[in-house]
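Below: one structure, written as structure tokens.
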DNA sequence: CTGAAAGCGCTTACAG
DNA sequence: CTGAAAGCGCTTACAG
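Residue numbers (my numbering), protein chains in the order written: chain A, 9 to 342; chain B, 9 to 342.
Shown next as structure tokens:
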């Protein structure tokens, strides 16, 4: 594994041990186009015997790349982002890449600063979950302008390659589920207005309501920042309406959690007086006092699609990943 | 920022532009021991003007280091781990290091595999949150055996350098708080028996109970895997005891969440019939239907201490970080 | 303080 | 298929 002085073996060591030149050793060990021949076999045998691992930083220096992928997320304390990043790290690793993350706290200024720092670290490309449809995303604009490879995940800006969920289908299935259970006064709580994910889920909500010929009540559509606090606050307002909704569909599970907390604080029983459907099916959903019905998403698939888009020059946009509804106890029939 | 061909400027470019040798340019730009003189000033002016950023991978290759720190955590979907990792990334970045994370899912086999993969990537050192006091930690043993630099965070194995919380003090303050509110039948739910964090919190619990001359009831001390599910399940057992506890102190917030969910499912009111105190004060604690009283921890401090231990050759063990109690609505007086 | 030279560990035209 | 040579972008003894 290591030579006498405790340092890792180098290609030169392997070449010497196999009795070939460094060039031949390098070519024999090249994973993409391994060369044949007796000498090459000997090199591979020696490398395996000594557990030789190429110094990928040196190789990348020569190849003029870094093997590093920059990942930009709002925060890692959001379970969705943590799940996605874990999946990216794992998948990237299997493709011979490393992933480096920066968090933006939803601050475009911070995103620009920290994203640029990663550019200076010479990452080979970026995966962003921070895309906006309003164009107010300075870092993404900079990537485009400088032609730095990038792919979007979970959210799209309408232009760049993006690995996304079929948000509209998810919104439809959640809303239909509530309609089928007899609900008619259904509220929707979305995320930020510039997030395509929230837009799609809202579009699905509206489509299902229209399909069933149910009108959307006044004061029952809200937007937010995807936080528990927003769910708490908006629910207080919903419960104060003249016609209180009997159900709420939220664009993520954090909002749903806020809805349920606010309902409980107000003495409103879930699901008897208020049904709730979330989105993402985060691990906590199943473990709440009242287990949450939620739209489940395959984040490993999203991660794989985003890496494909980034790393395969020929990759075209992937079909949106299909979510599905996981029914639990937070929805009652009326 | 870039030369005509679109590639980043190199040290050679800066040297040429400043009319000095590459050696002189390199020394002028060396952050640790910047050299004086008129030429050096000129180099710095030119570098600033063109926004030159050294290729740190090339520098590290020459310096025989990578500037990469490996971070090993059970999972990133645990808010505590996500918070700590975010803090490590940020702090490491300000010291000129990158952080690469691997997750183990609490599986020593996976930890060994993925940790070794990071060793092969030639990281300069490791920060682990997976230490055990029972010695059954093959990857940590390997790091010690091969003298690979490492520091522990949140948990100690009793030997390696470790940045930890004063868990015992935290356990004492949580338990005293319950005792002061009149509780006597207090249960404790810890984490894994091999986790020093859990051991310390339990020791604090026992010390406070003894200090107040209160005996610990049968069946009221439990260990777990720190999960919500464990909190749910153990609470079911606590509620079935002949003498049901009036309060529970849990070694983390996930367990506390499980306790509260199980209580609500069983129709037991928190805090009227059951008081709960958690540990870590994760963001969710304040946003639950019944806001959770919890022991707050400064994770940024832990991250900084761990990096100090890893990177400063002269660093001695830091004093354990002092937690403090955040009182909310989950504790009632009796 | 300065420059010429060597070298970190690798890959890749080039000529055979 | 193979080897000798050049070079990725940097740092650091060495001699002045």
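By construction, the Cβ of each residue, glycine as well, lies at the ideal position given by its N, Cα and C atoms.
None of these values were measured; they are calculated from a predicted model.
From the DSSP output, read off the bridge partner residues of residue 284 (chain A).
-> A:256
Among B:169, B:24, B:301, which residue has its Cα nearest to the Cα of residue 152 (chain B)?
-> B:169
Grouping DSSP H, G and I as helix and E and B as strand, with all else coil, what is residue 110 (chain A)?
-> The DSSP-derived three-state label of residue 110 (chain A) is strand.
May I ask you to report which of helix, strand or coil DSSP gives residue 319 (chain B)?
-> Correct three-state label for residue 319 (chain B): helix.
Let me know the alpha helix (DSSP H) ranges lying completely inside the segment 160 to 217 of chain A, each 4 residues or longer, listed in chain order.
-> 175 to 188
Specify, as a first and last residue, the run of the alpha helix (DSSP H) that residue 304 (chain B) falls within.
-> That residue, residue 304 (chain B), is in no alpha helix (DSSP H); its beta strand (DSSP E) goes 301 to 304.
Going by Cα to Cα distance, which pick from A:135, A:186, A:58 is closest to residue 119 (chain A)?
-> When the alpha-carbon of residue 119 (chain A) is set against those of A:135, A:186, A:58, the nearest one is in A:135.
Assigned exposure category for residue 226 (chain B) - 16 Cβ within 10 Å defines buried | exposed
So what's residue 81 (chain A) in DSSP terms, helix, strand or just coil?
-> strand
Less than 8 Å separating the beta-carbons of residue 165 (chain B) and residue 139 (chain B)?
-> yes
Does the segment 243 to 258 of chain B come close enough to the segment 270 to 281 of chain A to have 3 or more Cβ pairs within less than 8 Å?
-> no
Using a beta-carbon distance below 8 Å, is residue 132 (chain B) in contact with chain A?
-> no
Would you tell me roughly how many angstroms separate the C-alpha atoms of residue 141 (chain B) and residue 328 (chain B), rounded to the nearest one?
-> 17 Å
Helix, strand or coil at residue 234 (chain B) according to DSSP, with G and I counted as helix | Residue state, collapsed to three classes: coil.
Separation of residue 266 (chain B) from residue 236 (chain B), as counted between CA atoms | 4 Å
Coil, strand or helix - residue 135 (chain B) by DSSP = strand
Using beta-carbon positions only, say whether residue 133 (chain A) and residue 77 (chain A) come within less than 8 Å of one another.
-> yes
Within 8 Å, strictly: CB atoms of residue 186 (chain A) and residue 194 (chain A) = Closer than 8 Å, so yes.
Taking the C-alpha atoms as reference points, what is the distance between residue 317 (chain B) and residue 158 (chain B)?
-> Going from the Cα of residue 317 (chain B) to the Cα of residue 158 (chain B) covers about 8 Å.
Interface partners of residue 97 (chain A) on chain B, CB under 9 Å | 84, 108, 109, 110, 111
8 Å contact criterion, which residue 190 (chain A) and residue 341 (chain A) should meet: CB distance rounded = 5 Å
Using the C-alpha atoms, what's the distance from residue 297 (chain B) back to residue 273 (chain A)?
-> 6 Å
Burial state of residue 330 (chain B) (16 or more Cβ within 10 Å) | exposed
For residue 22 (chain A), which residues does DSSP report across the bridge?
-> Beta-bridge pairing links residue 22 (chain A) to no other residue.
Buried or exposed: where does residue 9 (chain A) fall if 16 or more other Cβ atoms within 10 Å of its Cβ makes it buried?
-> Interpretation of residue 9 (chain A) is limited by its pLDDT of 43, a score under 50 that renders its predicted location unreliable; the figure taken from the coordinates is listed afterwards. Classification for residue 9 (chain A): exposed.
Quick one: give me the first and last residue of the beta strand (DSSP E) that residue 333 (chain A) is part of.
-> 332 to 334 is the span of the beta strand (DSSP E), which, as asked, contains residue 333 (chain A).
Residue 273 (chain A) touches chain B at which residues, Cβ-Cβ below 9 Å?
-> 297, 298
Between which two residues does the alpha helix (DSSP H) containing residue 65 (chain B) stretch?
-> 64 to 71
If we ignore side chains and look at the alpha-carbon of each, how far apart do residue 286 (chain A) and residue 324 (chain A) end up?
-> 31 Å
With residue 199 (chain B) and residue 178 (chain B) assumed to form a contact (beta carbons below 8 Å), what rounded beta-carbon distance in angstroms separates them?
-> Rounded, the Cβ-Cβ distance is 13 Å, inconsistent with contact.
Residues, ordered as in the chain, of the segment 67 to 94 of chain B that lie near chain A by beta-carbon distance below 9 Å = 68, 69, 72, 74, 76, 83, 84, 85, 86, 87, 89, 90, 91, 93, 94
Chain A contact residues for residue 269 (chain B), given Cβ-Cβ distances below 7 Å = 295, 296, 297
Where residue 116 (chain A) sits in the DSSP three-state scheme = helix
Chain B contacts from the segment 232 to 254 of chain A (Cβ-Cβ distance under 7 Å) = 236, 237, 240
Burial state of residue 207 (chain A), where buried means 16 or more other Cβ atoms lie within 10 Å = buried
For residue 61 (chain B), go through chain A and note every residue whose CB falls closer than 8 Å to its CB, in chain order.
-> 128
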